[in-house]
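Have a look at the structure below before the remarks.
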Amino acid sequence: MIRPRRNTAPSPALPDGRSEPVRLSVDPVLLGAVLALVSLGLVMVYSASAVTAAEKQGNGFYFLERQLVAAGVGLVVMAAAVRVGYRRLARLAYPMLLVSIVLLMLVLVPGVGTVVGGARRWLRLPGLSLQPAEIAKFTWVVYLAYSLAKKREKVATFSIGFLPHLLLAGLLVALCMAEPDFGSSVELLVLLFILLFAAGTRLSYLVGSVLLALPLAYGAIAHSPYRLARITAFLDPWAHRHDIGYQVAQSLISVGSGGLFGLGLGESRQKLFFLPEAHTDFIFSIIGEELGLLGAVATIVLYGIVVWRGTRAALRASETFGTYLGLGLTALLGSQAAVNMSVAMGMLPTKGLTLPFISYGGCSLVISMAAAGVLLSLSASSAPMRNPGASRVRQLREQVA
Amino acid sequence: MIPRRSTERGRPPAELTRWTRARVLVMGGLLMAALGATLARAVSLQVLQRARLTSMATDQTVREMEIPARRGDIYDRRGIPLAQSVEVDSLWLDPSMVGDLRRAARDLARTLHLDAAELEARLARGRRFAWVKRQVTPQEVTLAQRLEVPGLGVAKEPKRFYPQRELGAQVLGVVGTDGHGLEGLELAFEDELSGQSEKVEGTRDARGRNLLLQGAPEAVGRRGATVTLTLDRQVQYAAEKALDRAVDESKAIAGMLVVLDPRTGELLALAQTPRVNPNAPAPGIAAGALRDRPALDLFEPGSTYKAFVAAAALEERAVRPEDSLDCEGGSWEVGRHVIHDTHPHGMLNLARILAVSSNIGAAKLAQRLGREGMMRTARRFGFGERTGLALPGEGKGSIPYPKAEVTLATQAFGQGLSATAVQVAAGYGALANRGVLMRPYLVSRVTDPDGVVLLENQPTQVRQAVSERTARQVVQMLEGVVQKDGTAPRGALEAYRVAGKTGTSQKPDPVARGYSDKRIASFAGIVPADDPRLVIYVMIDEPKTDVYGGLVAAPAFKEVATAVLPYLGVPPSLSVLASAKKVPNPPPMQVKEEPAAAQPVTERLEQGSVSVPNVQGQVGRDAVARLLATSLEPRLRGSGRVMAQSPAPGAHVARGARVTLELGASP
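Chains as they are written, first to last, in our numbering: chain A, 1 to 401; chain B, 1001 to 1667.
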């Protein structure tokens, strides 16, 4: 794998016919952390899903095989993002957002969107299945970064800098809630607020809108039995451990029984149908159980590295768009990781958010790796330049190739 | 307004205000803080709350599983297995994994010869588990798996196997599909045979399925106790064969045969007809066919009871051996009833009364004994009380107080009271054993797998029924029964002195509350009469061709005695051999049946070894009987007629030696 900045070996992740020394200037620490997370994810998806897969699909490798394909696609997308460079995204910001909105609408059409577990979240196409909400989160960040960078000082104004973004967010959230997908809705809003804050929106607007949104959020929770149940279960999982709190309680049992060093890879007992969604939303519980505190801390540290190097790349970006984009994507990855792990450990109510790079789910993995690719591109372009201008594109190509 | 081109990409980094940098850092820091919170929580859960959460995990995943012990075996007195446990496959299905249950049920039913509708209903009831068919053959497993029904599983289940097939089936009883004894000894010794099930810690999944992560525990040590019987496989075989023949030839509905060692009370055979194959699947066995009738069923013993009356009368000095009683010419009024004899007799002494089985003579003995005397008679020989056999539901018998004059008379010839075949045999055992009644028993030893003896039955004296002198006198008198002028000349043996008593009783009619014209023909025999080693009691239920015990039951006695006495190494009675010419010849039919029976007996007496008879060309079953009669232990290979035997015919071998017979289809 690509580690040092002056690695002379061609990367297997970025295959290439030429054997001449190639200079890579993408952030090796960030790349290493991302690849480590993806690898951990593949191992853990197999470990957590093998029993279920063997029983339901008759093939223990069923989920691993699909995740491997997604990881392959993710690597290509990541490499492509580095090669193309983040700047191209600026031009794509509006079209991508439009496509996302169309997809979010499409998924709501009965017969087009596939219902899984009571929620219409998937677009099943031959050969691949898309989760429009996952795509929307990515394009939302790109759009916000572009829009906020463009508006510059006017960001501080209510009518130009705040309201349009809030209204657009309202549309996306409404579409997500229709699925319903509460987790993605919250995530979209979290991203909005992070970027608005970074761009310098008045704090009073942010605080005020949060206060205004509280009754709405309360309504959304109180009028949905399953959301209410999740909150109740979150508040006291042990009192409801045989019904609504079952998943949280089982997750806590998983993590806790791992202890310092874990039960050993593959030794999880909770994945024997005790813990539902062990290979998707609750994969962190299995990490905690099998690899113990050691594995949990390692995972958290890897996300910490992603956040650290992502923020660093954002700060070093050569323009505001890059800064906002870097921060937004870092937040996309970091906040989802933090929320997912918090849910798994009973610190937040169940959301339905995946653990980036690790959870089973092709769409989520590819999008996460795409985001990582953009961050890497950002880090590469922020590296000290020697021959600026037109040669820059060529240099980038060499770095990637 | 700033030119559009420059707005698109914003300001260069130099223009990134300190405030923007700070805000980005704040956001990055917030994300790091969130991750830090998860880290702290992980420490809290995995270090501080670890013990509590681990025990919760253990509570739900670790289950103490009971692994049932392998059911103990049942052996005959010589250690030949009569009941063993083997592991067989059972097919089950997880119905939730089957898409089209109807089709799956139809396919499985066709392959496994089940009823499709019934199977479908059964599978539909099980949510995640349902038996498809239990205890199937390996071929059925292969065929079923070839259907590729999803969710079809194979489980190992213990199955009871009876290597001797029908032999002693009702004594042994059966085991249900769930592995618990349902009848006979399997039920009586259920606790001992099933043994201690082992507790194993295993991991369980959320669906309640057990997963043995540490592997299955050692099979050794998990075994039930071994039950050793007093039954002798060879004696039981001879008894069942003879009884089958007797029932068959007399066209009777049923029969029982008890072989008892009078010196110890050990039951060597408890045979009954019709027989059942306990290996057949349970539905194939008719209800009630598994009753161990010789121990359970009560019937009126008939004239075989006269011997006990005579013994008691002698013991209580109600009569002297040389006394003669008037048999009234075959017809005697008792109250409003008339008692008949089959043949008219005048004055008869006690021996003759027994030999010709005079009802009137017996009734007069009862009159002399008195009502209390008759009750004492029953008590002396153990009637009206359970013998204490291990078999569940053993019959007790009823001895009503003979209030009416006629009851006193009829009880003298064994009507108006009831007993089991084992009770009658035990009573004769007392006569044979110098007046000492031994408690009959069937189980000699129960041993757990560690060799600890859980139960051991020793010969037990119940009581001195009558004095030794009286017992000897009665046995001597009973020898007259098998003489030419007795009721059972067919019960006589060539080489042994026989004391016996016939019985021909009317069966009570449960509907008309009187007696029907149905009969029970029986014969109780003691051999050798001069030094009793065996009591053989034969009871034939509702014979059609002949109804008399001397004709129907005595030949079966003779057949068993002929086969078993040499096998047990009982020396022939010298007095019989010496006076062989005077002894009336048995009917020629029987001579034909056992042409060489006397021959090996004399040889063995001299040398303690036997000559191997020539059984070549004989049907396997006959060859086995022949070898058993010669005290040799047959080993069979194949089926059909004897093609070869080893050792060769005429060879002198030790008694009890094995003779291997190669069977094959006749050329």
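We put the CB at the ideal spot given by N, CA and C, even for glycine. The structure presented is a predicted model; accordingly, all values stated were derived computationally and were not measured.
- For B:Asp1531, the three-state secondary structure derived from DSSP is coil.
- Across the segment 252-276 of chain A, CB contacts with chain B closer than 7 Å involve Leu252, Ile253, Val255, Gly256, Ser257, Gly258, Gly259, Leu260, Arg269, Gln270, Leu272, Phe273, Phe274, in sequence order along the chain.
- Three or more pairs of CB atoms, one per stretch, sit closer than 8 Å, so the segment 1298-1317 of chain B contacts the segment 1361-1375 of chain B.
- Scanning chain A for C-beta atoms nearer than 9 Å to the C-beta of B:Leu1035 yields Ile300, Val301, Tyr303, Gly304, Val307, Gly334, Ala337, Ala338, Met341, reported in chain order.
- Under DSSP, B:Phe1299 takes part in a beta bridge, and its partners are B:Ala1419.
- For B:Gln1461, there is no enclosing alpha helix (DSSP H); the residue is part of the beta strand (DSSP E) that begins and ends at 1461-1464.
- Going by C-alpha positions, B:Tyr1496 is about 25 Å away from B:Arg1078.
- In the pairwise beta carbon analysis, the segment 1294-1304 of chain B is classified as touching the segment 1410-1423 of chain B: at least three pairs are separated by under 8 Å.
- Neighbours of A:Phe61 in chain B, taken as residues at a C-beta separation under 8 Å, are lacking, since the least C-beta distance is about 18 Å.
- Comparing alpha-carbon positions, the option among B:Thr1061, B:Val1062, B:Gly1151, B:Arg1658 lying closest to B:Ala1104 turns out to be B:Gly1151.
- About 7 Å separates the CB atoms of A:Cys176 and A:Leu188; that is less than 8 Å, so the two are in contact.
- For A:Ala169, the number of other beta carbons within 10 angstroms of its own is at least 16, and it is reported as buried.
- In the three-state scheme derived from DSSP, where H, G and I count as helix and E and B as strand, B:Gln1139 is classed as helix.
- The beta-carbon of B:Gln1135 is placed no less than 7 Å from the nearest beta-carbon of chain A.
- Per DSSP, the continuous beta strand (DSSP E) segment holding B:Asp1326 begins and ends at 1324-1326.
- In the structure shown, B:Arg1490 adopts helical secondary structure according to DSSP, grouped into three states.
- Exposed is the label assigned to B:Arg1125, since fewer than 16 other Cβ atoms lie within 10 Å of its Cβ.
- Per DSSP, B:Ala1657 lies in no beta strand (DSSP E) segment and is marked neither H nor E.
- The criterion of a C-beta distance shorter than 7 Å is satisfied by A:Met345 and B:Leu1045.
- For the 7 Å CB-CB criterion, B:Phe1383 and B:Lys1306 do not form a contact.
- Residue-level contact by beta carbon holds for A:Met347 and chain B, with a gap shorter than 7 Å.
- A distance of 7 Å or more separates the beta carbons of B:Gly1503 and B:Ser1646.
- Restricting attention to B:Val1154, B:Thr1111, B:Leu1147, the CA atom closest to the CA of B:Ala1130 is found in B:Val1154.
- For the pair of segments examined, the segment 1522-1530 of chain B was found to touch the segment 1482-1501 of chain B: the number of CB pairs separated by less than 8 Å reaches three.
- Rounded to whole angstroms, the separation of the alpha carbons of A:Val116 and A:Pro180 is 11 Å.
- For A:Ile283, not one C-beta of chain B is nearer than 7 Å to its own C-beta.
- Proximity of the segment 314-328 of chain A to the segment 135-153 of chain A meets the contact definition, three or more beta-carbon pairs being nearer than 8 Å.
- From the beta-carbon of A:Gly292, the residues of chain B found nearer than 7 Å are Gln1046.
- The straight-line gap separating the alpha-carbon atoms of B:Ser1522 and B:Leu1123 is approximately 53 Å.
- Not one beta carbon of chain A lies nearer than 7 Å to the beta carbon of B:Gln1272.
- The beta carbon of B:Val1043 sits closer than 7 Å to no other beta carbon from its chain once the five residues preceding and following it are set aside.
- The criterion of a C-beta distance shorter than 7 Å is satisfied by B:Ala1246 and B:Ala1556.
- B:Leu1267 is a Cβ neighbour of B:Thr1230, given a cutoff of 7 Å.
- Sequence-distant Cβ neighbours of A:Val190 in its own chain, meaning closer than 6 Å and more than five residues away, are Ser335.
- In this structure, DSSP gives B:Val1132 an extended state, which the three-state scheme calls strand.
- With a 10 Å radius around the Cβ and a threshold of 16 neighbouring Cβ atoms, B:Gly1029 comes out exposed.
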